[in-house]
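Here is the structure we will look at, set down as structure tokens.
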Amino acid sequence: MDNYLKAIEAVDEDALTAAFHPDATWWLPGDLPVSKTWEGRDAILGDFLGSVMSQFAPGTFTLTTHAVVADEDAAVLEWTVEATTVRGEAYKNDYLAIFEFRDGLIVAVREYMDTAVMARLLFPKARATA
148 MDNYLKAIEA
158 VDEDALTAAF
168 HPDATWWLPG
178 DLPVSKTWEG
188 RDAILGDFLG
198 SVMSQFAPGT
208 FTLTTHAVVA
218 DEDAAVLEWT
228 VEATTVRGEA
238 YKNDYLAIFE
248 FRDGLIVAVR
258 EYMDTAVMAR
268 LLFPKARATA
């Protein structure tokens, strides 16, 4: 969990890749363009996280960790993301995710946040066509 947090805060792609099992999954609820179960490290990092992170203006992304509860096989992480979108809007959203581990690597994530905030600020075109 520590490696993942350091990597995401630093936007360190190599460290993020090293934190995930090649067959990892990431589930995101809702009706967002990114809502589904992402399968495989490359899809998670390239398609899912890449799509979300591309909505933030470079250099504006901050992640504040509020709580981490962990054992050997799982961790629950609570955090807040603040950033400026590529359209110049202030973004702030609270998140909670359950991470599952195997052999020290992330194998599954189930993430929860206010999907209405994410839709309004990160994916307004998708919302307008829905």
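For the sequence shown, my numbering begins at 148 and goes up steadily by one. We treat Cβ as the ideally placed atom computed from N, Cα and C, and that holds for glycine.
With a threshold of 6 Å on Cβ separation, who are the neighbours of W174 within its own chain once the five nearest residues in sequence on each side are excluded? Cβ neighbours of W174 beyond the five flanking positions: T184 and R257.
Give the C-beta separation of R188 and F208 to the nearest angstrom, bearing in mind that I take them to be a contact with Cβ-Cβ under 8 Å. Rounded, the Cβ-Cβ distance is 21 Å, inconsistent with contact.
Environment of V181 [buried if 16+ CB atoms lie within 10 Å]: Label assigned to V181: buried.
Once the 5 residues before and after D250 are set aside, which same chain residues still bring their CB inside 8 Å of it? Closer than 8 Å at Cβ, skipping near neighbours: H168.
Cβ atoms of T231 and Y242: under 8 Å apart, would you say? For the pair Y242 and T231, the CB atoms are not nearer than the 8 Å cut-off.
Taking the alpha helix (DSSP H) that E156 falls in, what are its first and last residues? First-last of the alpha helix (DSSP H) with E156: D149 to A157.
Could you check how far apart the C-beta atoms of L224 and F246 are, in whole angstroms? I think they sit under 8 Å. The distance from the Cβ of L224 to that of F246 is about 6 Å, consistent with a contact at the 8 Å cut-off.
Excluding the 5 residues preceding and the 5 following F90 in the sequence, name in chain order all residues of the same chain whose CB lies nearer than 7 Å to its CB. No answer is possible for residue 90: it lies beyond the span of the chain, which begins at 148 and ends at 277.
Considering only their Cβ atoms, is the gap separating N240 from V264 smaller than 8 Å? Going by C-beta atoms, V264 is nearer than 8 Å to N240.
Measuring alpha carbon to alpha carbon, tell me which residue in Y259, L252, F248 and R234 is nearest L269. In terms of Cα proximity to L269, the closest of Y259, L252, F248 and R234 is R234.
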